[in-house]
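Going by UniProt numbering, the sequence shown opens with residue 1, and the numbers climb by one from there. A short write-up of the structure that comes next.
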Amino acid sequence: MVDILPSILNSDFWNIKETLNALNKSKIKEIHIDIMDGNFVEDMAFGPKFVKTLREHTDLKLDLHLMIINPERKVEKFIEAGAHSITFNVESTFNVMNIIQKVKECNKKVGVAISPHTSISSIEMILPFVDQVLVLTIKPGTSNSHIITEMYSKIKELHEIKNRKEYSYRIMVDGKVDDKTLRPILESGADAVVSGGYIFKNEKILENIETLRKIGIKYD
C-alpha cells in the first residue's frame, strides 16, 4: 500500500481538533509536519511545542520535515516533542552524517530531502544510511507553484539505485500531489506521498484521502 501523509500545514488551524479527529478515523498512519524557520525558506511554521501538542492528541506517527538552517541544533528537541521520523534538507547543513547518527541514536527514522535543483549524485553516498528520501517537486516553502515534472526522472533514478544496490529507503514525494499528479509519481517509483492542498481543499478530508488511496492501490 502506498503511504499517504496529509500535510498538516495546509489544514484549517481554527478547527485543528476536528481535523485530527478526522485523520484519526482515516486509514492513514502518519501526519507530515513542515517545520520552517524563515531562513532556509521564507515562511515560518511550527516548533517543538506544536509538535508536542499534536502528539498529545493523536496516536498517528509524526513525520517531520525540517526546512531550517543547521537542523542539527534542533533535532533532539523535535524528537523529545514526539517526532517519529526526522527529514532534513541536505542543502541546509554541512553536518549530514552527524544528523543521521543523532537521529538513529534516538531510535527514530531519519530521512534526507532534496530540492529540485539538487542532484541525486550529491546524496548517493548517504543513501545506505537513511530510512527515506523526500523528493520535493516544487521549490521548498512555496505553495502556488506547479509541479516540476522533471523531478519524475529523479524519482526513477532513486528507485533504480534502491533496487540495484538493495537499499531499504522509502522514496517519498512532496509538492502538488493530487488525483492528477499521483499516477505519474507512483509510476516513477515513489513509495509514499505527502499531500496537503488536495487533502485539505475542503471539509471532505476522508473522501479526499480515499480518492488518493484508490489510485495508489493500483500500484501495490
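We put the CB at the ideal spot given by N, CA and C, even for glycine. Owing to the predicted nature of the structure, the values given are computational and were not obtained by experimental measurement.
If you count every other CB in all the chains shown that lies within 10 Å of the CB of residue i, and 16 or more means buried, which is it?
i: residue 111; result: buried
i: residue 184; result: exposed
i: residue 176; result: buried
i: residue 174; result: buried
i: residue 32; result: buried
Rounded to whole angstroms, what's the CA-CA distance from residue i to residue j? Just pull it up for me.
i: residue 151; j: residue 59; result: 33 Å
i: residue 203; j: residue 125; result: 43 Å
i: residue 119; j: residue 90; result: 11 Å
i: residue 86; j: residue 34; result: 10 Å
i: residue 189; j: residue 149; result: 14 Å
i: residue 5; j: residue 19; result: 14 Å
i: residue 16; j: residue 187; result: 33 Å
i: residue 37; j: residue 72; result: 13 Å
i: residue 167; j: residue 101; result: 18 Å
i: residue 117; j: residue 135; result: 11 Å
i: residue 115; j: residue 74; result: 20 Å
i: residue 200; j: residue 182; result: 16 Å
i: residue 161; j: residue 77; result: 33 Å
i: residue 197; j: residue 159; result: 26 Å
i: residue 234; j: residue 55; result: Residue 234 cannot be examined here, being either before or after the span of the chain that is shown, 1 to 220.
i: residue 208; j: residue 218; result: 17 Å
i: residue 130; j: residue 215; result: 27 Å
i: residue 57; j: residue 24; result: 9 Å
i: residue 139; j: residue 67; result: 11 Å
i: residue 180; j: residue 205; result: 17 Å
i: residue 163; j: residue 29; result: 25 Å
i: residue 88; j: residue 194; result: 15 Å
Just tell me which of the options has its CA closest to the CA of residue i.
i: residue 137; options: 216, 178, 25; result: 178
i: residue 210; options: 22, 41, 13; result: 22
i: residue 213; options: 192, 153, 55; result: 192
i: residue 222; options: 170, 79, 134, 207; result: One cannot answer for residue 222 here, as it falls past the ends of the chain, which runs 1 to 220.
i: residue 172; options: 155, 163, 160, 180; result: 155
i: residue 39; options: 205, 163, 127, 92; result: 92
i: residue 7; options: 113, 128, 65; result: 65
i: residue 133; options: 180, 169, 121, 164; result: 169
i: residue 26; options: 122, 13, 14, 3; result: 3
Consider the C-beta atom of residue i and the heavy atoms of the ligand ZN; say whether any pair is separated by less than 8 Å.
i: residue 1; result: What this structure holds is no ligand at all, so the ligand ZN is not there to describe.
Quiz item: Counting Cβ pairs, one atom from each stretch, are 3 or more of them under 8 Å apart for the stretch 88 to 98 and the stretch 48 to 63?
Solution: no
Quiz item: Can you find at least 3 beta carbon pairs, one from the stretch 75 to 84 and one from the stretch 36 to 49, that sit closer than 8 Å?
Solution: yes
Quiz prompt | Every unbroken beta strand (DSSP E) within the stretch 111 to 164, with a cutoff of 3 residues, ordered by chain | solution = 132 to 136
Exercise. Pick out the complete alpha helix (DSSP H) segments inside the stretch 19 to 78, 4 residues or longer, and give them in chain order.
Key: 48 to 57
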